[in-house]
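Engineer:
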Amino acid sequence: MIQGIFFARFLPEQGTKVVHQSPPGCIVAEPDVARPRLFDFETMAEYIIPKQAFCNRYVTICDPDHKYRILGHPVCIKDDKYERNEFIFNFCIVIDADADKIPYESVVRRLASTFTEMEIQNEFLSKEDPSNSQDRRSIAALLEIIKEDLNNYSECMIPVDDANTINMKLFPKHPRPPPVKPWHVPIAKLRFADVTDDTWDLTMMEVIRQIDGIRDVRRIAREADVALDLATSAFQHLLYYDSILMLDMFLFGNIYAPTPDIIDFLANKDNMQDECANYVYINGPRLGNYYLVRLFTSLCTSRSIMEWLKLYMDEGLNIMDFIDVRRFIQFGLIKGLIYRVFKYAVYTQPSEAVVKGEYDVRPVDDILEQYLDGCSPFDQIMVERNMTDVKIMEHLRKKFSKGGVEIIYR
Numbered sequence: 021m022i023q024g025i026f027f028a029r030f031l032p033e034q035g036t037k038v039v040h041q042s043p044p045g046c047i048v049a050e051p052d053v054a055r056p057r058l059f060d061f062e063t064m065a066e067y068i069i070p071k072q073a074f075c076n077r078y079v080t081i082c083d084p085d086h087k088y089r090i091l092g093h094p095v096c097i098k099d100d101k102y103e104r105n106e107f108i109f110n111f112c113i114v115i116d117a118d119a120d121k122i123p124y125e126s127v128v129r130r131l132a133s134t135f136t137e138m139e140i141q142n143e144f145l146s147k148e149d150p151s152n153s154q155d156r157r158s159i160a161a162l163l164e165i166i167k168e169d170l171n172n173y174s175e176c177m178i179p180v181d182d183a184n185t186i187n188m189k190l191f192p193k194h195p196r197p198p199p200v201k202p203w204h205v206p207i208a209k210l211r212f213a214d215v216t217d218d219t220w221d222l223t224m225m226e227v228i229r230q231i232d233g234i235r236d237v238r239r240i241a242r243e244a245d246v247a248l249d250l251a252t253s254a255f256q257h258l259l260y261y262d263s264i265l266m267l268d269m270f271l272f273g274n275i276y277a278p279t280p281d282i283i284d285f286l287a288n289k290d291n292m293q294d295e296c297a298n299y300v301y302i303n304g305p306r307l308g309n310y311y312l313v314r315l316f317t318s319l320c321t322s323r324s325i326m327e328w329l330k331l332y333m334d335e336g337l338n339i340m341d342f343i344d345v346r347r348f349i350q351f352g353l354i355k356g357l358i359y360r361v362f363k364y365a366v367y368t369q370p371s372e373a374v375v376k377g378e379y380d381v382r383p384v385d386d387i388l389e390q391y392l393d394g395c396s397p398f399d400q401i402m403v404e405r406n407m408t409d410v411k412i413m414e415h416l417r418k419k420f421s422k423g424g425v426e427i428i429y430r
């Protein structure tokens, strides 16, 4: 949020001076304004209008108390029509020191470039005349509108005169999203039907229609009749704007285990147990929240989902009669209560081959050879080779000698 905005310039006889500010009195004292100043301008003046080496570039500084950050772009226009043959000014924005300054950089640069052009065109800044303000907006009024519009609407479009308009928009800076893989499953975080319209990209629209929390990226691309690289790019875009999240494929052969954050579920932090119950229970009677806690804590690294279900069936509790197991696992992953234990295949040199000096016994041109590096999960193999877990294991046993491939879980 913008705490203050001001226009400063260098006057040959007075030095650096704040000409206009918004809100009034936030930078320097004004008559009849009892507002505390954000910082001591006198101590910062040499950085607001700096030496020539720092002009015409983006500059950020903090006040001595580290409470506020001043963002500016000092401009020096050289021309013999000015006194001392140059005109130096700076439009600065003041934000909290711990606020993200990246979205405001483009605004500061746009202010500098726009007013530089206006000064070159008609000396808008150097010959400001309040008596002629009927033909244009005053600088003080512009600063007030810019601050209020950016704070309230994150954008502004302000006509200055018949030839110039100030157009600016704050764009939030999102972190680079993780890579999207064909075996990932997208989960929508909002109702796309409420935000999409006919102006959206056609590929994006086709991809969004296929998101159901079950289908993986490759399957969505195929059913939407979209090239896989285009579908991946669309999901990358949705991830960047935090519209979806990516989970792994749900299979009954998967293994999951609790994370340390399971303690939050046990303590029912933020009423998490009722939230889980509303998400996972299907039509029919509901079990008590105690059973949800028990189900999560009974997951472990040595037991697949199928074995986990059988464990409770042997106790006379058929979990699938009460809850949607897929949604139950998804809830745990989304909340960080559990994590997936992935399955990998690693090629190892058989000991007898080492003794005989046969150091290369791996089958040549085997379809799974590239996946035996311990870095390719079985999810990747299943999607890219269109094979089930059982088929993959049968292939490895058939093509590789005993001990030639190890299966690891991590």
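According to the numbering used here, numbering within the sequence shown proceeds without interruption in unit steps and concludes at 430. Even for Gly, the Cβ is constructed at its ideal location relative to N, Cα and C. Fair warning: this is a prediction, and the values are worked out from it, not measured in the lab.
#1: Run through DSSP, which three-state label would C296 get?
#2: Compute the distance between the beta-carbons of W203 and V180, then report whether it is under 9 Å.
#3: So what does V313 bridge to, in DSSP terms?
#4: Suppose you measure from the CA of A287 to the CA of G352; what does that come to, to the nearest Å?
#5: In the DSSP output, what is H86 paired with across the bridge?
#6: Counting pairs of beta carbons, one from the region 211 to 220 and one from the region 185 to 193, are three or more of them closer than 8 Å?
#7: Could you tell me the alpha carbon to alpha carbon distance between N187 and I178, rounded to whole angstroms?
#8: Mapping DSSP to helix, strand and coil, what is F255?
#9: Roughly how many angstroms lie between the CA atoms of E168 and D52, to the nearest whole one?
#10: Contact defined as beta carbons within less than 8 Å: I believe L331 pairs with M340. What is the distance between those atoms, to the nearest angstrom?
#11: Whose CA, out of Y124, Q350, S322, R130, lies closest to the CA of S174?
#12: For my contact list, A244 and Q230 are in at a C-beta cut-off of 8 Å; report their separation, rounded to the angstrom.
#13: On the DSSP letters alone, give me the boundaries of the beta strand (DSSP E) that D116 sits inside.
#14: Indicate whether P278 and L337 have their beta-carbon atoms separated by less than 9 Å.
#15: Use the C-beta contact count for Y429: other C-beta atoms within 10 angstroms, 16 or more gives buried, fewer gives exposed.
#16: Counting only beta-carbon separations shorter than 9 Å, does F135 have a partner in chain D?
#17: Beta strand (DSSP E) containing N187: first to last residue?
#18: What is the rounded straight-line gap between the Cα of V127 and the Cα of R211?
#19: Where does V410 fall in DSSP's three states?
#20: Identify the continuous beta strand (DSSP E) that holds T36 and give its terminal residues.
#21: Does the contact criterion of 3 or more C-beta pairs under 8 Å hold for the region 80 to 98 versus the region 57 to 68?
#22: Should K363 be listed as close to the ligand SAH, given that the test is whether its C-beta is under 8 Å from any heavy atom?
#23: Checking 9 Å against the spacing of the C-beta atoms, do L259 and L250 come in under that value?
#24: For K98, I'd like the list of residues in its chain whose CB is within less than 7 Å of its CB, leaving aside the five on either flank, ordered along the chain.
#25: Could you tell me how far apart the beta carbons of I159 and E148 are, in whole angstroms, since I believe they sit closer than 8 Å?
#26: Any idea which residues DSSP pairs L27 with across the strands?
#27: Going by DSSP, which residues form a beta bridge with R360?
#28: Short check: CB of K363 to CB of F420, under 9 Å?
#29: Using DSSP's beta-bridge definition, name the partner residues of D232.
Structural biologist: Here's the rundown:
#1: Reduced to three states, the DSSP call for C296 is helix.
#2: Going by C-beta atoms, W203 is not nearer than 9 Å to V180.
#3: For V313, no pairing in a beta bridge is given by DSSP.
#4: Cα to Cα, the separation comes out at about 15 Å.
#5: According to DSSP, H86 bridges with nothing at all.
#6: Too few Cβ pairs lie closer than 8 Å, so no.
#7: Cα to Cα, the separation comes out at about 7 Å.
#8: Per DSSP, reduced to three states, the secondary structure at F255 is helical.
#9: Rounded to the nearest whole angstrom, the CA to CA distance from E168 to D52 is 22 Å.
#10: Under the criterion of beta carbons closer than 8 Å, L331 and M340 do not qualify as touching, at roughly 13 Å.
#11: Residue Y124 holds the alpha-carbon nearest to the alpha-carbon of S174 among Y124, Q350, S322, R130.
#12: Rounded, the Cβ-Cβ distance is 5 Å, consistent with contact.
#13: Per DSSP, the unbroken beta strand (DSSP E) holding D116 starts and ends at 106 to 116.
#14: Cβ atoms of P278 and L337: not closer than 9 Å.
#15: Exposed: under 16 other Cβ atoms inside 10 Å.
#16: No chain D appears in the structure shown, which is made up of a single protein chain.
#17: Per DSSP, N187 is one residue of the beta strand (DSSP E) stretching across 185 to 189.
#18: Looking at the two C-alpha atoms, the distance is approximately 31 Å.
#19: For V410, the secondary structure class from DSSP, reduced to helix, strand or coil, is helix.
#20: Note, T36: beta strand (DSSP E), 35 to 42.
#21: Cβ pair count under 8 Å is three or more, so yes.
#22: As for the ligand SAH, it is missing from this structure, which has no ligand bound.
#23: Cβ distance not < 9 Å, so L259 and L250 don't count as in contact.
#24: Excluding sequence neighbours, K98 sits near N105, E106.
#25: About 6 Å separates the beta carbons of I159 and E148, which is inside the 8 Å limit, making them a contact pair.
#26: Sequence inspection shows Phe at residue 27; the Leu mentioned does not correspond to that position. DSSP output for F27 lists H40, F111 as bridge partner(s).
#27: DSSP, once it has assigned bridges, lists Y276 as partnering R360.
#28: Going by C-beta atoms, K363 is not nearer than 9 Å to F420.
#29: Note: D232 sits in no beta bridge, so no partner.
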